[in-house]
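**Student:**
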Amino acid sequence: GTFVVFKDGDMNHPMNSDFNFDNVLMGMLALFTVSTFEGWPQLLYKAIDANAENRGPIYNYRVEISIFFVIYIIIIAFFMMNIFVGFVIITFREQGEAEFKNCELNKNQRQCVYYALKAQPIKIYIPKNPSQLKFWRIVNSSQFEYIMFVLILLNTLTLAVQ
Numbered sequence: 001g002t003f004v005v006f007k008d009g010d011m012n013h014p015m016n017s018d019f020n021f022d023n024v025l026m027g028m029l030a031l032f033t034v035s036t037f038e039g040w041p042q043l044l045y046k047a048i049d050a051n052a053e054n055r056g057p058i059y060n061y062r063v064e065i066s067i068f069f070v071i072y073i074i075i076i077a078f079f080m081m082n083i084f085v086g087f088v089i090i091t092f093r094e095q096g097e098a099e100f101k102n103c104e105l106n107k108n109q110r111q112c113v114y115y116a117l118k119a120q121p122i123k124i125y126i127p128k129n130p131s132q133l134k135f136w137r138i139v140n141s142s143q144f145e146y147i148m149f150v151l152i153l154l155n156t157l158t159l160a161v162q
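The sequence shown runs 1 to 162 under full-length UniProt numbering.
Okay, here's the thing in C-alpha cells:
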C-alpha cells in the first residue's frame, strides 16, 4: 500500500481562499468581487465545492449555490445600470436648467410655451370602405394593442427558453 508522510508530523490542513464567506466582512468582500464581474467564476466554483468549516472541498458539493450567484449578478447588473442611467439623466437635467439660467420665464411658463409651440392637430385617416373601416377599428383598439403586447412577450419568453 501507499501512505503519506507529513513534514514535521504536521497534518495537512485546508487553506481558505482569499475570498470566502467565513464571516460577514469576508462575505461582503466576496460579494463585492462578484459585483465587479472580475474573477467571479473562480469564486463561484470555490463556493460550489465548499463543504464544511475546516474541511477540504468536495467537487460539485452544492451546485444550488450557482443560482444565488446568477440572481445576485442579474440584480447587481440592473442596480448598476440604474445608477448609471440616473447619473446621466441628472447631468442632462442640470445642463438643461443651466441653459435657462438667465431666462425671464420660470420652469412652468417655459413648459407652457414649449407645449404651445409643439401642439399640432392630429390627422387621422379613417377609411371609407366598410371592410377597411372594420379592420381599422380592430387594429386601433386598445384590446388589439394588449394582444400584440402579450404575443411579443410570449415570443420573447420562447426565444429565451430555447
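Note that the Cβ used here is the ideal one computed from N, Cα and C, for glycine as well. Bear in mind the structure is a predicted one, so any value in this text is a computation, not a measurement.
State buried or exposed for residue 32, treating a residue as buried only when at least 16 other CB atoms are found within 10 Å of its CB.
**Tutor:** So residue 32 counts as exposed.
**Student:** Can the beta-carbon of residue 136 be found closer than 7 Å to that of residue 130?
**Tutor:** no
**Student:** Give the C-beta separation of residue 65 and residue 52 to the nearest angstrom, bearing in mind that I take them to be a contact with Cβ-Cβ under 8 Å.
**Tutor:** Wrong, their Cβ atoms sit about 14 Å apart, outside the cutoff.
**Student:** Would you tell me roughly how many angstroms separate the C-alpha atoms of residue 91 and residue 118, rounded to the nearest one?
**Tutor:** Distance between residue 91 and residue 118, taken at the CA atoms: about 25 Å.
**Student:** Once DSSP output is grouped into helix, strand and coil, what is the label at residue 103?
**Tutor:** coil
**Student:** Please identify the residue among 122, 70, 24 and 82 whose C-alpha is closest to the C-alpha of residue 34.
**Tutor:** Of the candidates 122, 70, 24 and 82, the one whose C-alpha sits nearest the C-alpha of residue 34 is 70.
**Student:** Buried or exposed for residue 160, please, with buried defined as at least 16 other CB atoms from any protein chain shown within 10 angstroms of its CB.
**Tutor:** exposed
**Student:** With residue 63 as the anchor, note down where its alpha helix (DSSP H) starts and where it stops.
**Tutor:** Residue 63 -> no alpha helix (DSSP H), and no H or E assigned at all.
**Student:** Verify whether the separation of the beta carbon atoms of residue 199 and residue 57 is less than 7 Å.
**Tutor:** Examination of residue 199 is not possible in this model, given that the chain is present from 1 through 162 alone.
**Student:** Going by CA-CA distance only, name the one from 16, 85, 83 and 28 that's closest to residue 55.
**Tutor:** Nearest C-alpha to residue 55 among 16, 85, 83 and 28: 16.
**Student:** Alpha carbon to alpha carbon, how far is residue 103 from residue 85?
**Tutor:** 28 Å
**Student:** Do residue 19 and residue 43 have their CB atoms nearer than 7 Å?
**Tutor:** Result yes, Cβ atoms of residue 19 and residue 43 sit closer than 7 Å.
**Student:** Does residue 51 come out as helix, strand or coil in the three-state DSSP assignment?
**Tutor:** coil
**Student:** Here's the rule: buried if 16 or more other CB atoms are within 10 angstroms of the residue's CB, otherwise exposed. What is residue 30?
**Tutor:** buried
**Student:** Residue 28 lies in the alpha helix (DSSP H); which residues open and close that run?
**Tutor:** 24-35
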